[in-house]
Amino acid sequence: MTQPSTRNEGEVAPADGTSDIVKMSDVRFRWPGPRSFSLAINDFILPARERVLLTGPSGAGKSTFLSLLCGIVAPESGHLEVLGTDTAKLSNAARDHFRAEHFGIIFQMFNLLPYGSIIDNVLLPLNFTAKRRERASQRGSIEEEALRLLASLGLETEDLHGMSTASLSVGQQQRVAAARALIGRPEIIVADEPTSSLDRDRQDAFLDLLFAEATEAGASVIMVSHEETLGSHFDRVLRLEDIAVATRSAAA
Amino acid sequence: MIVPRLALQSLLNRALTASLTVLAIAFSVMLLLGVEKVRTGARQSFADTISGTDLIVGARSGGIQLLLYSVFRIGNATNNITWKSLEDIAKHPDVAWVVPLSLGDSHHGFRVLGTTPDYFKHYKYRHGRPITFAQGEPFDDLFDAVIGADVAQALEYKAGDPIIVAHGTGSISFVEHEDKPFRVSGILEKTGTPIDRTVHVSLEAIEAIHVDWKQGIPMPGETVSAEDVRAMSLKPTAVTAALIGLKSKIATFRLQRMINEYPEEPLSAIIPGLTLQELWQLVGTAETALSVVSAMVVATALLGMVTMILTTLNERRREMAILRSVGARPATILGLLATEAGLLTLAGVILGAILLYAALAVLQPYVDRAYGLHLSINPPTYREWITLGAIVLAGFLAGLIPAARAYRQSLADGMMVRT
């Protein structure tokens with residue numbers, strides 16, 4: 128496995144609440160193929176433990192921004208540093224491993240694999256990183272940790288046994304997804320409009336529970352949404368168009 | 188170990204389509220293995236038609252023709268061999284026994300074979316198995332006949348029934364030896380060989396029914412009654428062919444050469460095993476065609492599997508995005524889908540083999556009884572293991588087609604799938 132150029136993988140900057148765990152400057156990226164959407168991020172910094180809401184209209188490049196941040200795609204140019212590692216310089220495989228180890232990701236909907244148990248879904252990231260698995264087992268077995276997280280996110284664990292993921296309500300599915308993002312205490316929780324399918328009360332409840340767990344784990348949270356009204360839950364609200372320029376060409 | 192587990196869980200999640208795919212593969216594998224079993228069974232049954240006979244002697248002709256008329260009762264001899272030549276051969280020190288065969292008459296389409304009681308002692312089939320009697324015993328009286336199992340079944344004969352032999356070998360004959368009726372003295376057990384379709388009588392009986400015939404037709408006014416014929420000398424002057432057993436197999440080629448070079452009369456001697464192989468090679472093309480067809484059925488089943496996986500890919504893009512988000516590499520996605528295909532094929536192959544053996548266990552006695560085709564229930568042969576392994580590998584490789592597509596999709600989608 129290719130090692131990060133600036134630090135050994137897994138060796139991260141201390142999350143003391145003051146250091147910046149994500150630094151982006153002059154990052155340029157263009158999707159290959161006919162959609163030909165490009166995004167230029169001028170400057171973005173995420174301090175440790177900070178909760179940031181990133182807003183922007185549809186098509187502003189929010190998902191592309193998250194794909195870059197999580198290392199699903201690599202920038203064409205510019206500087207992208209996460210936890211002291213220049214992820215743009217990592218090999219594809221090393222970047223995938225880096226993501227498994229340091230990121231917890233929650234999608235807007237359909238977060239769970241339709242097969243496997245609820246516990247299997249929560250434990251899924253631990254299959255791809257030994258260090259996160261180790262961290263998850265510090266307080267007991269990984270299954271116990273999964274149940275603990277589910278309970279603290281408001282899911283009655285005794286009801287979950289034998290239930291297929293398809294039988295969960297959307298709100299419950301999002302909580303399982305949150306537990307999956309939080310297990311093994313990754314440093315960065317990335318959420319892509321996780322509350323858009325919930326009503327306002329449930330949105331508030333979900334964010335409160337998510338932040339409580341993220342705070343306990345010492346994780347930063349970056350969430351994208353087009354609902355600026357959620358801003359009161361966050362330390363900072365950023366509009367994507369203030370930090371990035373999206374360009375969409377008509378033809379490839 | 189995450190990939191096999193995920194692949195298995197994913198397949199179980201789509202149990203209906205997955206099991207239908209497995210079933211399609213299983214049936215195709217069953218067909219392929221079944222064809223192989225029938226093929227080897229047929230070849231074995233064919234090779235087992237005669238054993239224990241070292242040489243077959245007939246008039247000078249092609250080896251296959253001699254084998255066809257003397258063993259398979261197909262076609263006719265070009266000429267007879269004289270009794271004197273046969274006696275000469277029997278006197279040879281290497282010869283243990285000689286069983287003469289006289290063909291030319293029939294009974295309701297079944298060939299009549301004139302021979303000696305030694306025939307039942309020396310004729311062996313399927314690795315030296317002797318002919319056994321289901322009812323009655325070998326011919327004793329001049330007009331006794333021993334019939335094969337198929338003859339008895341088709342004509343509903345039992346021991347003691349009278350039969351009338353017809354002249355010539357057609358199934359419908361207008362010239363019958365009705366003045367000299369025979370009696371069924373014995374019925375043979377099913378052998379799966381041409382014996383089942385043969386009416387056996389003594390050599391003397393063949394002479395007896397033709398005693399008042401010349402040039403293949405009855406001589407008018409020269410009718411000899413069945414009673415009178417018993418008093419006559421019925422020693423044959425010629426027979427159609429003869430089976431020869433040797434004291435030592437080492438002498439086979441020496442005696443074969445001697446017979447082929449016999450100065451008194453043009454004769455041919457063949458080694459049954461070798462000529463059977465020659466004959467099988469003639470029909471081998473059909474055997475290859477059968478294998479090719481069943482291989483194509485397997486290919487079709489695998490194609491069906493690839494189609495099934497491909498059609499589900501679009502709805503699984505979200506699943507791939509989730510896996511990518513938790514750190515799965517695109518190669519893991521590729522491996523997941525290829526493994527799913529591999530598991531489907533493996534399950535199909537295993538189920539196909541189980542179905543085949545179950546079908547064999549049920550059908551084997553029936554097929555043996557009805558067609559005389561012995562299908563052996565053995566573990567897969569080396570060749571079959573290789574075939575099965577190749578099918579699983581082909582399934583895994585075929586799975587790479589949808590897997591490569593999913594790989595490209597997951598690279599292009601990133602986290603943007605909104606399905």
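These protein sequences, in sequence, are chains A and B.
Count along the first sequence from 1, then add 127; that gives the number in the working numbering.
Count along the second sequence from 1, then add 187; that gives the number in the working numbering.
Every residue gets a Cβ at the ideal spot worked out from N, C-alpha and C, and that includes glycine.
- The C-beta distance from valine 351 of chain A to cysteine 197 of chain A rounds to 12 Å, too long to meet the 8 Å contact threshold.
- Shown here for alanine 395 of chain B: same chain residues with a beta carbon closer than 7 Å to its own, the five before and five after excluded, namely Leu329, Lys367, Val416 and Leu421 in chain order.
- Only those residues of the segment 503–520 of chain B whose C-beta falls short of 7 Å from the nearest C-beta of chain A are listed: Arg505, Glu506, Ile509, Arg511, Ser512, Val513, Gly514, Ala515 and Arg516.
- In the three-state scheme derived from DSSP, where H, G and I count as helix and E and B as strand, tyrosine 544 of chain B is classed as helix.
- Neighbours of proline 252 of chain A in chain B, taken as residues at a C-beta separation under 7 Å, are given in chain order as Val513 and Gly514.
- Taking 7 Å as the cut-off, the Cβ atoms of proline 325 of chain B and phenylalanine 297 of chain B do not count as close.
- Within the model, the alpha-carbon separation for isoleucine 168 of chain A versus isoleucine 370 of chain A is close to 6 Å.
- For the pair isoleucine 233 of chain A and alanine 293 of chain A, the CB atoms are not nearer than the 7 Å cut-off.
- Using a Cβ-Cβ distance cut-off of 8 Å, the segment 237–244 of chain A and the segment 177–191 of chain A are not in contact, since fewer than three pairs of beta carbons, one from each stretch, lie closer than that value.
- Non-local C-beta neighbours of glutamine 596 of chain B in its own chain, meaning closer than 8 Å and more than five positions away in sequence, comprise Leu500, Arg504 and Met507, ordered along the chain.
- Each of B:Gly323, B:Leu242, B:Gln340 and B:Gly335 was checked against the Cα of glycine 347 of chain B, and the nearest Cα belongs to B:Gly323.
- Of all residues in the segment 192–205 of chain A, those with a C-beta nearer than 8 Å to a C-beta of chain B are Leu193, Ser194, Cys197, Ile199 and Val200, reading in chain order.
- Here the C-alpha atom of threonine 532 of chain B lies approximately 7 Å from the C-alpha atom of phenylalanine 583 of chain B.
- Here DSSP, grouped into helix, strand and coil, assigns lysine 224 of chain B to helix.
- Boundaries of the beta strand (DSSP E) harbouring glutamine 322 of chain B: 320–323, taken from the DSSP string.
- According to DSSP, residue pairing for isoleucine 232 of chain A in a beta bridge involves A:Val317.
- The C-alpha of threonine 487 of chain B is placed about 51 Å away from the C-alpha of leucine 288 of chain B.
- Put simply, the CB of isoleucine 537 of chain B is far from chain A, with every gap to its CB atoms at 7 Å or more.
- Against chain B, the beta carbon of isoleucine 246 of chain A has no neighbour under 7 Å; the closest one sits roughly 13 Å away.
- Within 10 angstroms of the beta-carbon of histidine 314 of chain B lie fewer than 16 other beta-carbons, which makes it exposed.
- Short of 6 Å from the beta carbon of histidine 360 of chain A, and not among the five residues preceding or following it, lie these beta carbons of its own chain, in chain order: Leu334.
- A direct Cα-to-Cα measurement between threonine 427 of chain B and leucine 580 of chain B gives close to 55 Å.
- Taking the beta carbon of proline 174 of chain A as reference, no residue of chain B falls within 9 Å; the closest one sits roughly 23 Å away.
- Here DSSP, grouped into helix, strand and coil, assigns phenylalanine 307 of chain B to helix.
- In this chain, isoleucine 148 of chain A is not harboured by any alpha helix (DSSP H); it is covered by the beta strand (DSSP E) spanning 147–157.
- With respect to chain A, the C-beta atom of isoleucine 578 of chain B has no partner C-beta closer than 7 Å.
- The Cβ atoms of alanine 438 of chain B and aspartate 275 of chain B do not sit closer than 7 Å to each other.
- In summary, valine 470 of chain B is exposed, with fewer than 16 beta-carbon neighbours lying within 10 Å of its beta-carbon over all protein chains present.
- By the 16-neighbour rule on beta-carbons within 10 angstroms, isoleucine 564 of chain B is exposed.
- When DSSP states are grouped into helix, strand and coil, asparagine 263 of chain B belongs to the coil group.
- Put simply, the segment 472–492 of chain B does not touch the segment 541–559 of chain B. Fewer than three CB pairs are less than 8 Å apart.
- Only exposed fits glutamate 354 of chain A, as fewer than 16 other CB atoms lie within 10 angstroms of its CB.
- Non-local beta-carbon contacts of arginine 441 of chain B in its own chain, meaning distances under 8 Å to residues more than five positions away in sequence, involve Asp281 in chain order.
- When C-beta distances to chain B are compared with 8 Å, every residue of the segment 269–302 of chain A stays at or above that value.
- Residue state for phenylalanine 326 of chain B is assigned as coil, using DSSP reduced to three classes.
- The beta carbon of serine 206 of chain B does not come within 7 Å of any beta carbon belonging to chain A, so the residue lies off that interface.
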